[in-house]
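*Asks:* So the protein lines, in turn, are chains A and B. My numbering applies: residue 1 is where the first sequence begins, and numbers increase by one. My numbering applies: residue 361 is where the second sequence begins, and numbers increase by one. Even glycine gets a Cβ: it sits at the ideal position worked out from N, Cα and C. Note that the coordinates shown come from a computational prediction; the quantities given were computed from them, not determined experimentally.
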Amino acid sequence: MTTDSSEAALKVESLWKIFGSKADRILGTPDADLSRKELQAKTGCVMAVKDVSFEVAPGEVFVVMGLSGSGKSTLVRLLTRLIEPTAGTVVMNGDEITAASEDRLREIRRHHVAMVFQHFGLLPHRKVIDNVAYGLEIRGEDKQTRLARSQEMVDLVGLSGYESSYPDQLSGGMQQRVGLARALAVDPELMMFDEPFSALDPLIRRDMQNEVIRLHEEVGKTMVFITHDLQEALKLGDRILIMRDGEIVQIGTPDEVVGAPADDYVKDFVSEVPKSHVLTLKWVMREPRPGESLEGKVMQSDRIVKDAAREILDSDDPVRVYDGDEFLGVVDDDDILRVVVAEEDEPGSEPAPVGLGKSS
Amino acid sequence: MTVTAPPPESKPQAKVVEEQPFVEEAKQRHTRLLLLATFVAWVVGWALWKGNHTLAIGGAELTDLHRWLNDVRDDFDNSRDSNFFLQYVVGGISDAIDWVVTFLQELFSQPAFPRPVPEVGWLGVVGLLTWLAYALAGIRSAVLVAASLLLFGFLGYWEDSIDLLIVTAAAVGICILIGLPLGIWMARSKIASAAITPILDLLQTVPSFAYLTPLVLVFGIGPASAVVVTLIYALPPLVRITEHGLRSVSETTIEASSSMGVTRLQLLRKVQLPMARRTIIVGVNQCTMAALSMATIAALINGPGLGQPVTKALQSLDVGTAFVSGLAIVIMAIMLDRTTTAASERSELLARRGPGSAQRRRIVLAATGAVAAALVYVSHTYLWAAEFPEEPDLGRPLAERVTSFNDWLTGNIDETTNALKDLVSYGLLNPLQALMADSPWWLVAAVLLVVSYLLGGWRPVITTAICEAVILGTGLWNETMRTLTTTLVATAAVMAIAVAVGVWMGRNKRADTIVRPFLDAFQTMPPFVYLVPALALFGPSRFTAIVAAVAYGVPIATKLIADGIRGVSPTSVEAARAAGTTAWQMISKVQLPMARAAVVLASNQGLLYVLSMVVIGGLVGGSGLGYLVVSGFSQAQLFGKGLAAGIAITALGVMLDRITQHAAARSGRH
């Protein structure tokens, strides 16, 4: 997968959003560097998103993660200008959203992007099928086409049999399936999810996450997914952007975030993650010691520790880790146990395992 | 999990410190102490200067302003045929409305020359309106409408009732034509909303009585004037509720629609209007009830309808007749309220029906419509179906019974009612009136300014100052202070009752289910109706107005307080209960303080309702501004004074409203 900028599905460059009456005058002054609280006390303006840049490759699931108030929901709304950015550019499939006219923007929203919302945003006065067809209806497709397409989507998300129900007759999980179907119906290139599952029960949430993974495999859309749940981020994300106070703290793959947290904030965040489930061999291997056997099995560096553990513990010699043809290092029983065992201790005795996963 | 193990050492260092929101510091205030000090200063001032500078004027005494207003009235009357604006704009509106009302009257209620009866007789009207109720609001409403219409006839007020319906319907029709687009515009444009909302605020603050005189000035006396005054009074709730309904469509839903690229028109048609439909019909309900109550009062400016017999009976102290015609108004209020409410509830159901039942519904409507049309034809052709039968006459015997019962009652419980009257008069009214009206005007003005500052800060002080200046300008300072006294005493009673009942309702679900329907019913009744029992019990006096005002103000205030108490977070109540709070502590330390904003809002609404009723009480011997307004209609030379009284009432209403509004806004916190 290339992430060459010319082919990016979504490219965001130094995006800012400051809420307040004279927000645009703050940019470029020293005030822009103040902390959120200082800025609010001084000017009454609230810094929601501060100088954010990133790219999303076609087909990628890109997760934006942060606590409430970190600016992630604002960020996702800036991408389609549901909220107007204060400054910066957003380019989607070569189309500069931030420069688009009102009409062009509407076209983009009708055909190229679709969004799933935390509180569903369904129309209570319409049946499920009409909710799903809504996006097609407003862009003027005829009744037959949109009903056929909606039925297809209803079946795809597992709502068959509920077409004529009204949203308030469905559970939260089912309602969000309607939201999903509605977004899929317009066949967008990019799907955005704004904390779609945080209002759902944990079991339903897990179910819906698997549903997203399945849909991603089936329809292969590029996805931008907002969440405050780290587990969800690790489970769904190809890459994760961690936000705090409107700023990017770290962008990386799940194992990079867990293995090499950018600062104490991220470290604290990931401290309770079962590391063996996320980290790959790359993060636990080391240089072979002098005289150590180099006869062991060969494994690729991107294997997850948990999956490789049994084989490594069973082998007599340290396992050799390769990236393609290139030899990187070795892993033995101790290296594995340090990740697996230390982590089992964790819930009882607090101090996080020291030095684990540190890239040295 | 080892439960007994000592808790692990707290984390070595808390890395994530939750950021605290930015909050401005609250100021320390000693409101109660300062209010007390103000009161003491007032009493001292009164003792020193009482009787001086009270600005009292005699009943027939006119100031220059009043004479000038009389001249203005004469100018208006003289130039109706010469002045362009009066002749074409006002005259045009007036003629158009008169034409519509006359047309409807000849169609439904009054003889249509050369016929001795209207085009459509009573049977046709009953058939038509019943069918309409069935189509819009369902079978139960249809039965209610048919029964109510027949009762109007049997009580002997067929023509007056249909006339009142016509005035109300004409006003509501125009309200919908103007109000819906206005509400939609306000919901979609912040500027429009910001510009129009203060006007609506003002319109809703002005007591209904104060509308009458200015309209007479412009439109003269008669049906057109009655419809215009009704429509002005009924418009604000419709506009407000329409805007509110559109604005309260869930933000997420709108965002979801925007994210899919709707146009503004699509958003309105496919999302906002369907989702707000029910609320908008509630707005039509409020508009209708307001129109009904104003249309009855408009009888004072010669508006046709049931208000006429009530006014005449009230002014001649004929309790029996007032009771029967008042009963007809009550029945009409219930009929209109139930029907429009049912229509609102039904709008949702209808939209959800499947295609099969829609088909069935069309057939049923067509069939029943044919029956209604047949009834209309019959009533057009045969006299028995055109003129409401004289027999059975329920109205006259009922009126006689009520009169004799009332005579018996006043003969027997006079002592009790007089004792109550004296207690309130000597205990509360007279001392307060002495303070208000016998103090020098500058002392009372200063006290009002200080009080508004203490309760609401600087902004209401400015409004208060302006309103005081206006009242002084009308030359009716002393009368205004008398009205204010009555209003304050009645409001105190309203609040005492409302807090007691409201707290009870808020804490007890069953009490709420029992009491609320009564409050709802009382709230739908036009204010005129309240005067009848008050008059029966207490005769024509200042106190009668107070009783009617209390009865009129209690329902709204009680409901607001009950809702406020109910709205207190259940978590806080639960936490307090877990800490061992007694029931009394729960009320005094948790529920009432947390519902403080609701209590202040209730006093705001209570004040405005009471003021509007106290003014109407002028009809039955209450003195003060309302009496001046009424005499302005009956005596030509007092017109200017009546108009000035209307202005003073408005200023008083605005002042009381602003002070309590700001106090309410401030009591939202701490």
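(1) Just the C-alpha distance for Gly301(B) and Gly88(A), rounded to the nearest angstrom, thanks.
(2) Would you mind telling me which residues of chain B sit closer than 8 Å to Tyr134(A), beta carbon to beta carbon, in chain order?
(3) Measuring straight from C-alpha to C-alpha, what distance separates Ala570(B) and Leu968(B)?
(4) Are the CB atoms of Val975(B) and Val989(B) nearer to each other than 8 Å?
(5) Helix, strand or coil: how does DSSP classify Arg389(B) here?
(6) For Glu350(A), collect the residues of the same chain with a Cβ closer than 8 Å to its Cβ; drop the 5 residues on either side in sequence, then sort them by chain order.
(7) Taking Cβ-Cβ distances below 9 Å as the criterion, which residues of the stretch 144-174 of chain A are in contact with chain B?
(8) Would you mind telling me which residues of chain A sit closer than 7 Å to Thr639(B), beta carbon to beta carbon, in chain order?
(9) Taking the C-alpha atoms as reference points, what is the distance between Lys282(A) and Glu84(A)?
(10) Measuring straight from C-alpha to C-alpha, what distance separates Gly451(B) and Gln465(B)?
(11) What are the start and end residues of the beta strand (DSSP E) that includes Arg320(A)?
(12) Cβ closer than 7 Å: which chain B residues qualify as neighbours of Pro124(A)?
(13) If you measure between the beta carbons of Ser739(B) and Ala746(B), is that distance less than 8 Å?
(14) Work out the CA separation of Thr222(A) and Ala185(A) for me, nearest whole Å.
(15) Can Gly913(B) and Thr573(B) be called in contact, C-beta distance under 8 Å?
(16) Tell me which same chain residues have a C-beta within less than 7 Å of the C-beta of Leu489(B), skipping the five on either side of it?
(17) Could you compute how far the alpha carbon of Thr776(B) sits from the alpha carbon of Pro820(B)?
(18) Could you list which residues in chain B have their beta carbon closer than 9 Å to that of Gly121(A), in chain order?
(19) Establish whether the CB of Thr43(A) and some CB of chain B are separated by less than 8 Å.
(20) Would the beta-carbon of Val61(A) fall within 8 Å of that of Phe225(A)?
(21) Would Val224(A) count as contacting chain B if we go by Cβ distances under 8 Å?
(22) Would Thr602(B) and Leu674(B) be called neighbours here (beta carbons separated by less than 8 Å)?
(23) By the 9 Å beta-carbon criterion, what residues does the stretch 69-82 of chain A contribute toward chain B?
(24) Spell out whether any CB of chain B is found under 8 Å from the CB atom of Met115(A).
(25) Considering Cα atoms alone, identify which of Met47(A), Lys42(A), Asp33(A) is closest to Phe19(A).
(26) Which of the residues in the stretch 294-317 of chain A, read from start to end, lie with their CB under 7 Å from any CB of chain B?
(27) Start and end of the beta strand (DSSP E) containing Val270(A)?
(28) In angstroms, rounded to a whole number, what distance separates the CA positions of Asn645(B) and Ile691(B)?
(29) Classify Thr873(B): buried if its beta carbon has 16 or more other beta carbons within 10 angstroms, exposed otherwise.
(30) Going by DSSP in three states, Arg244(A) sits in which element: helix, strand or coil?
(31) Quick check: what's the CA-CA separation for Asp255(A) versus Ser53(A)?
(32) Which residue wins for smallest C-alpha separation from Arg214(A), given the options Leu156(A), Leu67(A), Pro167(A)?
(33) Of all the alpha helix (DSSP H) runs that stay within the bounds of the stretch 582-638 of chain B, which reach a length of 4 or more residues?
(34) I need the DSSP call for Met885(B), collapsed to helix, strand or coil.
(35) What does the alpha-carbon distance come out to for the pair His119(A) and Thr840(B)?
(36) Note the first and the last residue of the continuous beta strand (DSSP E) segment covering Leu190(A).
*Replies:* Let me lay it out:
(1) With chain B covering only 361 through 1030, there is no way to say anything about residue 301(B).
(2) Ser617, Met620, Lys630
(3) 13 Å
(4) yes
(5) coil
(6) Reliability of the predicted coordinates at Glu350(A) is poor, the pLDDT of 41 falling under 50, and the value obtained from them is presented with this limitation in mind. So no residue of the chain qualifies.
(7) Ser164, Tyr166
(8) Ordered by position in chain A, no residue passes the 7 Å Cβ test against Thr639(B), which lies about 13 Å from the chain.
(9) 42 Å
(10) 20 Å
(11) 319-323
(12) Met635
(13) yes
(14) 15 Å
(15) no
(16) Val505, Leu509
(17) 42 Å
(18) Ser610, Glu611, Thr612, Thr613, Ile614, Glu615, Ala616, Ser617, Ser619
(19) no
(20) yes
(21) no
(22) no
(23) Gly69, Arg77, Thr80, Leu82
(24) yes
(25) Met47(A)
(26) none
(27) First-last for Val270(A): 264-270, but that is the alpha helix (DSSP H), not the beta strand (DSSP E).
(28) 16 Å
(29) exposed
(30) strand
(31) 21 Å
(32) Leu156(A)
(33) 583-607, 611-619
(34) coil
(35) 54 Å
(36) 190-194
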